[in-house]
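Asker: First the structure, which I've put down as structure tokens, then a few questions once you've had a look.
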């Protein structure tokens, strides 16, 4: 038996919106300590990794580990039934064939229930090695979204360069070339801060269209954390207050 | 420009 109730259901709605363009069918792993999922996009370039702790739920019970295979596209359609102020409860029996999703609005007394059919997914699970990232950049999530969006209109690829003084996003295309450079900024206004933690500088290229998809999660978190290592995929991380973390991994483009 | 690598180059199947 699995049951989890989230008071701020909007968070779950936002999570589904933030991953639905990247992954289609996903195995959701339920454990007594929380909910997690890991899935790659069809081209195996990007990976979504979500971890939600039981502590963030108003009520959480999972007697055993369970795997719930869901179509994210269909889950997103169901989530549209939820009002932004709804509480959301997820329920599944042992050996379940469906996931019961309940939306409740205590103020308006409206309740919506949907039984989403589960599917069997044969998915590859990747072991992500523990990595000490040599450059970690914490940046306002709205600002990072805007930079990626605007640069994408000029080029398909961005080169991210880090050093102890700044992080630089540079593009080169038919239109021309240029860069946005952000220096370390620990100003009093927290939302303006850009925090650089660089032990070794990194220079890598990435397809901007994936970054734009990841940035849908900027509504979940005021800050985006970019974790870079010269020999590893980029991690774009969004912390979800008191609940967990949504991470995206993106393989670099490498010049021959 | 660069060649897009796949995640399989970096992460092993578990």
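Residue numbers (the working numbering), protein chains in the order written: chain A, 1 to 256; chain B, 1001 to 1014.
From the three backbone atoms N, C-alpha and C, an ideal C-beta is built for every residue, glycine too.
Every value quoted in this text rests on a predicted model; they were computed, and no experiment measured them.
Between the C-alpha atoms of residue 228 of chain A and residue 133 of chain A, what's the straight-line distance to the nearest angstrom?
Answerer: Approximately 5 Å, taken between the alpha carbons.
Asker: Just checking, does the segment 74 to 94 of chain A make contact with the segment 103 to 113 of chain A on the three C-beta pairs under 8 Å criterion?
Answerer: As far as the Cβ criterion goes, the segment 74 to 94 of chain A touches the segment 103 to 113 of chain A, which means the pair count is three or higher.
Asker: Expressed to the nearest angstrom, what Euclidean distance is found between the alpha-carbon atoms of residue 1007 of chain B and residue 51 of chain A?
Answerer: So the alpha carbons of these two residues sit roughly 20 Å apart.
Asker: Counting only beta-carbon separations shorter than 8 Å, does residue 23 of chain A have a partner in chain B?
Answerer: It does not: the Cβ of residue 23 of chain A has no partner Cβ on chain B nearer than 8 Å.
Asker: Between residue 47 of chain A and chain B, is any beta-carbon pair separated by less than 8 Å?
Answerer: Closer than 8 Å: yes.
Asker: Given that a residue counts as buried once 16 or more other Cβ atoms are within 10 Å of its Cβ, and exposed if not, what is residue 235 of chain A?
Answerer: Under this definition residue 235 of chain A is a buried residue.
Asker: Hey, would you say residue 196 of chain A sits closer than 8 Å to residue 137 of chain A, going by beta carbons?
Answerer: Taking 8 Å as the Cβ cut-off, residue 196 of chain A and residue 137 of chain A qualify as a contacting pair.
Asker: I want to verify the contact list: residues of chain B whose CB lies under 7 Å from the CB of residue 40 of chain A, in sequence order.
Answerer: Under the 7 Å cutoff, chain B gives 1007.
Asker: Shorter than 8 Å from the beta carbon of residue 154 of chain A to some beta carbon of chain B?
Answerer: Closer than 8 Å: no.
Asker: Residue 94 of chain A: buried (16+ other C-beta within 10 angstroms of its C-beta) or exposed?
Answerer: Flag for residue 94 of chain A reads exposed.
Asker: Taking 8 Å as the threshold (C-beta atoms), are residue 211 of chain A and residue 240 of chain A in contact?
Answerer: Their beta carbons are not under 8 Å apart, which means residue 240 of chain A does not touch residue 211 of chain A by this criterion.
Asker: Across which residues does DSSP place residue 172 of chain A in a beta bridge pair?
Answerer: According to DSSP, which records beta bridges pairwise, residue 172 of chain A is partnered with A:177.
Asker: Examine chain B for any beta-carbon lying closer than 8 Å to the beta-carbon of residue 164 of chain A, and answer yes or no.
Answerer: Cβ-Cβ to chain B under 8 Å: no for residue 164 of chain A.
Asker: Between the segment 123 to 155 of chain A and chain B, which residues of the former have CB atoms less than 8 Å from a CB of the latter, in chain order?
Answerer: Residues passing the 8 Å Cβ filter: 124, 125, 126, 127, 128 and 129.
Asker: With a floor of 4 residues, list each alpha helix (DSSP H) that falls wholly inside the segment 61 to 104 of chain A, ordered by position along the chain.
Answerer: Counting only runs of 4 or more, we get 72 to 79.
Asker: Cα separation between residue 142 of chain A and residue 218 of chain A?
Answerer: Approximately 6 Å, taken between the alpha carbons.
Asker: Three or more C-beta pairs closer than 8 Å, one from the segment 94 to 108 of chain A and one from the segment 123 to 132 of chain A: is that the case here?
Answerer: Judged by Cβ distances under 8 Å, the segment 94 to 108 of chain A makes no contact with the segment 123 to 132 of chain A, as fewer than three pairs qualify.
Asker: Establish whether the CB of residue 257 of chain A and some CB of chain B are separated by less than 8 Å.
Answerer: For residue 257 of chain A there is no data in the structure shown, the boundaries of chain A being 1 and 256.
Asker: Ignore the nearest five residues each way along the sequence and tell me which others in residue 3 of chain A's own chain have a CB closer than 6 Å to its CB.
Answerer: The answer, listed in chain order, is 61 and 91.
Asker: In angstroms with no decimal places, state the Cα-to-Cα distance between residue 191 of chain A and residue 34 of chain A.
Answerer: Going from the Cα of residue 191 of chain A to the Cα of residue 34 of chain A covers about 30 Å.
Asker: Among the candidates A:19, A:147, A:255 and A:153, whose CA atom is the shortest distance from the CA of residue 174 of chain A?
Answerer: That would be A:153, whose Cα lies nearest to the Cα of residue 174 of chain A.
Asker: At what residues does the alpha helix (DSSP H) containing residue 1005 of chain B begin and finish?
Answerer: Neither: residue 1005 of chain B is in no alpha helix (DSSP H) and is coded neither H nor E.
Asker: Ignoring anything shorter than 3 residues or poking outside the segment 128 to 161 of chain A, list the beta strand (DSSP E) runs there in chain order.
Answerer: For the segment 128 to 161 of chain A, whole beta strand (DSSP E) runs of length 3 or above, ordered along the chain, are 135 to 140.
Asker: Using alpha carbons as the reference points, say which of A:31, A:155, A:45 and A:32 lies closest to residue 249 of chain A.
Answerer: The candidate whose alpha carbon is nearest that of residue 249 of chain A is A:45.
Asker: Ignore the nearest five residues each way along the sequence and tell me which others in residue 27 of chain A's own chain have a CB closer than 6 Å to its CB.
Answerer: Correct list, in chain order: 67, 69, 121 and 123.
Asker: How is residue 20 of chain A classed by DSSP in three states: helix, strand or coil?
Answerer: In this structure, residue 20 of chain A counts as coil in the three-state DSSP scheme.
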